[in-house]
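Numbering (this note's numbering), first residue to last: 1132 to 1213.
Contents: one structure, followed by commentary.
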């Protein structure tokens, strides 16, 4: 078995173009194992300051899809009110 070279620049560029990439999209698009895709989630934000990790998603700075803590809290509170 040989080690697969990961093209971090291409992944970072795709995050910037799309605004975000999920763990599954990274693994599927670049044909990476789950452990390698998880490593990408950790490495990209350290190497590219304009990209951050939110859960299992990489997001470009200024993305409008960023989840908020208040949104999560409201969802939980709505559930308990039922």
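C-beta: ideal position from N, C-alpha, C; glycine also.
Pair within 8 Å by beta-carbon distance, residue 1182 and residue 1141: Between residue 1182 and residue 1141, the C-beta spacing is not below 8 Å.
### Message
Am I right that residue 1151 and residue 1178 are in contact with their C-beta atoms under 8 Å? What's the rounded C-beta distance?
### Response
In this structure, residue 1151 and residue 1178 do not form a Cβ contact; the two beta carbons are roughly 17 Å apart against a cut-off of 8 Å.
Practice item. Classify residue 1170 as buried or exposed, calling it buried when 16 or more other Cβ atoms lie within 10 Å of its own Cβ. Key: By the neighbour-count rule (16 or more Cβ atoms within 10 Å), residue 1170 is not buried but exposed.
**Asked** Does the distance from the CB of residue 1175 to the CB of residue 1189 come in under 8 Å?
**Response** In this structure, residue 1175 lies near residue 1189, with their beta-carbon atoms less than 8 Å apart.
Assign residue 1185 to one of three DSSP states: helix, strand, or coil.
Strand, per DSSP.
Taking the C-alpha atoms as reference points, what is the distance between residue 1160 and residue 1193? Approximately 23 Å between the Cα atoms of the pair.
- Between the C-alpha atoms of residue 1138 and residue 1146, what's the straight-line distance to the nearest angstrom? So the two alpha carbons sit approximately 13 Å from each other.
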